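Here is the structure we will look at.
2 protein chains.
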Amino acid sequence: MELYSYFRSSAAYRIRIALGIKGLEHKIVPVNLTTGQQRGEDYLKNNPQGLVPALTLESGETLAQSSAILEWLEEAHPDPSLYPQNLISKAQHRALCQHIACDIHPLNNLRVLRYLSGTLKQEKTQVDDWYAHWIHQGFIAIEIALGDLETEFSLGNNPGMLEVFLIPQVYNAYRFKVDLSPFPRIVTLDSHCQKLAVFAKAHPSCQVDSPVEERP
Amino acid sequence: MELYSYFRSSAAYRIRIALGIKGLEHKIVPVNLTTGQQRGEDYLKNNPQGLVPALTLESGETLAQSSAILEWLEEAHPDPSLYPQNLISKAQHRALCQHIACDIHPLNNLRVLRYLSGTLKQEKTQVDDWYAHWIHQGFIAIEIALGDLETEFSLGNNPGMLEVFLIPQVYNAYRFKVDLSPFPRIVTLDSHCQKLAVFAKAHPSCQVDSPVEERP
Chain A
160 MELYSYFRSS AAYRIRIALG IKGLEHKIVP VNLTTGQQRG EDYLKNNPQG LVPALTLESG
220 ETLAQSSAIL EWLEEAHPDP SLYPQNLISK AQHRALCQHI ACDIHPLNNL RVLRYLSGTL
280 KQEKTQVDDW YAHWIHQGFI AIEIALGDLE TEFSLGNNPG MLEVFLIPQV YNAYRFKVDL
340 SPFPRIVTLD SHCQKLAVFA KAHPSCQVDS PVEERP
Chain B
160 MELYSYFRSS AAYRIRIALG IKGLEHKIVP VNLTTGQQRG EDYLKNNPQG LVPALTLESG
220 ETLAQSSAIL EWLEEAHPDP SLYPQNLISK AQHRALCQHI ACDIHPLNNL RVLRYLSGTL
280 KQEKTQVDDW YAHWIHQGFI AIEIALGDLE TEFSLGNNPG MLEVFLIPQV YNAYRFKVDL
340 SPFPRIVTLD SHCQKLAVFA KAHPSCQVDS PVEERP
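As they're listed, the protein sequences go chains A and B. If you're matching positions, the first sequence starts at 160 in our numbering and goes up one per residue. If you're matching positions, the second sequence starts at 160 in our numbering and goes up one per residue.
Structure, rendered in structure tokens:
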């Protein structure tokens with residue numbers, strides 16, 4: 160499989176984590192979002208949505224959209240599973256993931272920040288406030304949900320889909336210096352994940368396209 | 160089942176369509192987003208995310224996030240299915256849905272438009288341009304994907320998850336007078352769906368909380 164990825168894209172970061180947990184071999188193909196490579200003719204032929212990530216399968220098809228790729232990974236490579244087995248628990252787990260995927264991440268995407276600073280001529284401080292606002296709004300419900308968690312990870316001894324979505328979002332929050340003090344459970348869960356080799360390998364600073372000065 | 164819904168919420172509209180296609184009995188509980196009822200104490204107890212829709216099951220649990228509710232409906236009530244049966248086709252179908260759910264809809268949510276006009280003091284024309292921009296960007300890939308469709312609906316003779324996500328987004332586009340002339344396939348698919356009773360029943364203008372002047 161080939162994963163079209165950008166080191167800082169949190170949607171691509173999700174797939175890197177999931178491929179790691181499931182132990183699936185893949186090649187990373189970097190797409191430079193800052194130079195607009197994702198809107199180039201070659202890339203659009205493969206993924207007309209013009210976004211990363213995309214995953215090209217061994218059979219030749221390309222899948223787009225991180226949530227759709229992750230659901231496919233779960234269906235086609237179910238072991239180890241990233242969801243609880245009970246259907247209602249699974250739906251509640253998935254709702255937290257979708258809360259991140261729909262109500263936090265899209266608002267803080269690079270293309271959106273560029274629209275704010277470019278087309279709408281907003282200053283850096285206003286763009287930063289926008290960024291922090293949507294993370295704060297979204298993390299409130301995640302923090303409440305983690306209050307019910309009595310284990311180290313969302314699936315007991317193992318991280319699940321929640322961590323796949325949450326950890327890249329926490330990385331973004333740190334990067335934009337968002338105050339995470341109201342979210343101690345999220346910070347703790349993140350620190351548990353950072354100790355695992357699959358999360359370290361998927362981290363933006365360890366990618367083939369990450370700048371040398373960001374590497375550990 | 161009880162569906163917490165707001166007549167104009169396109170995420171709630173998705174669930175209304177899917178419940179209709181699957182023929183599942185439910186009661187609609189209106190939540191007035193314009194007065195902030197979704198952030199009231201009573202509602203937050205049920206759904207800490209403070210967003211509609213939410214679906215309370217007969218067993219008492221509440222599910223949040225339209226995509227998570229729809230996946231649960233598909234898993235718990237698989238007949239009729241809203242997805243193609245082949246896993247790769249299913250993933251590609253789901254990617255189009257997620258493109259709408261993640262890359263169009265969240266940017267045009269009421270709370271986001273209010274942040275633009277309130278906190279960022281943008282004029283109506285700038286908010287309208289923002290709205291149209293993200294619909295246009297997103298509809299390009301959907302229009303391309305529909306070029307491969309040789310049948311009336313995405314699942315042949317029947318609408319599927321794509322229509323569940325797309326038709327509410329087309330309703331939004333019409334409401335905000337977005338120019339849809341570059342998207343003739345989307346407009347045609349919408350008109351096919353509008354002829355079906357389940358889509359008519361789910362339409363915002365036919366809800367218990369829709370204003371009398373908007374009813375057909």
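For glycine and all other residues, C-beta sits at the position ideal for the given N, C-alpha and C. Keep in mind the model is a prediction, meaning the values are calculated, not measured.
Burial state of residue i, where buried means 16 or more other Cβ atoms lie within 10 Å
i: residue 269/B; result: exposed
i: residue 246/B; result: exposed
i: residue 334/B; result: exposed
i: residue 217/B; result: exposed
i: residue 340/B; result: exposed
i: residue 367/B; result: exposed
i: residue 282/A; result: exposed
i: residue 356/B; result: exposed
i: residue 297/B; result: buried
i: residue 209/B; result: buried
i: residue 175/A; result: buried
i: residue 234/B; result: exposed
i: residue 343/B; result: exposed
i: residue 253/B; result: buried
i: residue 309/B; result: exposed
Beta-bridge partners of residue i, as assigned by DSSP
i: residue 189/A; result: 164/A
i: residue 315/A; result: 312/A
i: residue 214/A; result: 162/A and 222/A
Chain A within 8 Å of residue i, Cβ atoms only
i: residue 222/B; result: yes
i: residue 201/B; result: no
i: residue 171/B; result: no
i: residue 253/B; result: yes
i: residue 398/B; result: Outside the shown range of chain B (160 to 375) lies residue 398/B, about which nothing can therefore be said.
i: residue 359/B; result: no
i: residue 369/B; result: no
Cutoff 8 Å: residue i Cβ touching any chain B Cβ
i: residue 271/A; result: yes
i: residue 237/A; result: no
i: residue 261/A; result: yes
i: residue 265/A; result: yes
i: residue 138/A; result: Here chain A covers residues 160 to 375 and nothing more, so residue 138/A does not appear.
i: residue 234/A; result: yes
i: residue 230/A; result: yes
i: residue 185/A; result: no
i: residue 258/A; result: yes
i: residue 246/A; result: yes
i: residue 326/A; result: no
i: residue 177/A; result: no
i: residue 168/A; result: no
i: residue 332/A; result: no
Nearest neighbour of residue i, chosen from the options [CA to CA]
i: residue 336/B; options: 286/B, 161/B, 348/B and 362/B; result: 286/B
i: residue 213/A; options: 203/A, 204/A, 295/A and 224/A; result: 224/A
i: residue 261/A; options: 226/B, 248/B, 243/B and 292/B; result: 226/B
i: residue 299/A; options: 325/A, 174/A and 265/A; result: 325/A
i: residue 311/B; options: 331/B, 349/B and 294/B; result: 349/B
i: residue 351/A; options: 265/A, 284/A and 319/A; result: 319/A
i: residue 185/B; options: 198/B, 207/B, 215/B and 197/B; result: 215/B
i: residue 182/A; options: 232/A, 222/A, 249/A and 353/A; result: 232/A
i: residue 301/A; options: 347/A, 273/A and 275/A; result: 347/A
i: residue 328/A; options: 363/A, 306/A and 313/A; result: 363/A
i: residue 354/A; options: 263/A, 228/A, 372/A and 317/A; result: 317/A
i: residue 293/B; options: 274/B, 264/B, 211/B and 228/B; result: 264/B
i: residue 229/A; options: 228/B, 164/B, 249/B and 222/B; result: 249/B
Backbone CA spacing between residue i and residue j [nearest angstrom]
i: residue 323/A; j: residue 170/A; result: 10 Å
i: residue 278/A; j: residue 239/A; result: 45 Å
i: residue 303/A; j: residue 271/A; result: 28 Å
i: residue 370/B; j: residue 172/B; result: 16 Å
i: residue 220/B; j: residue 204/A; result: 43 Å
i: residue 410/A; j: residue 361/A; result: For residue 410/A there is no data in the structure shown, the boundaries of chain A being 160 and 375.
i: residue 237/B; j: residue 180/B; result: 11 Å
i: residue 189/A; j: residue 167/A; result: 11 Å
i: residue 242/B; j: residue 315/B; result: 11 Å
i: residue 290/B; j: residue 267/B; result: 6 Å
i: residue 201/B; j: residue 374/A; result: 47 Å
i: residue 256/B; j: residue 259/A; result: 16 Å
i: residue 359/A; j: residue 198/B; result: 37 Å
i: residue 376/A; j: residue 195/A; result: An answer regarding residue 376/A cannot be provided, because it is not within the stretch 160 to 375 covered by chain A.
i: residue 162/B; j: residue 321/B; result: 21 Å
i: residue 244/B; j: residue 276/B; result: 44 Å
i: residue 280/A; j: residue 372/A; result: 30 Å
i: residue 207/A; j: residue 365/A; result: 28 Å
i: residue 165/B; j: residue 332/B; result: 18 Å
beta-carbon residue i near the ligand NAP non-hydrogen atom, thresh 7 Å
i: residue 298/B; result: In the structure shown, the ligand NAP is absent, as is every other ligand, since no ligand is present at all.
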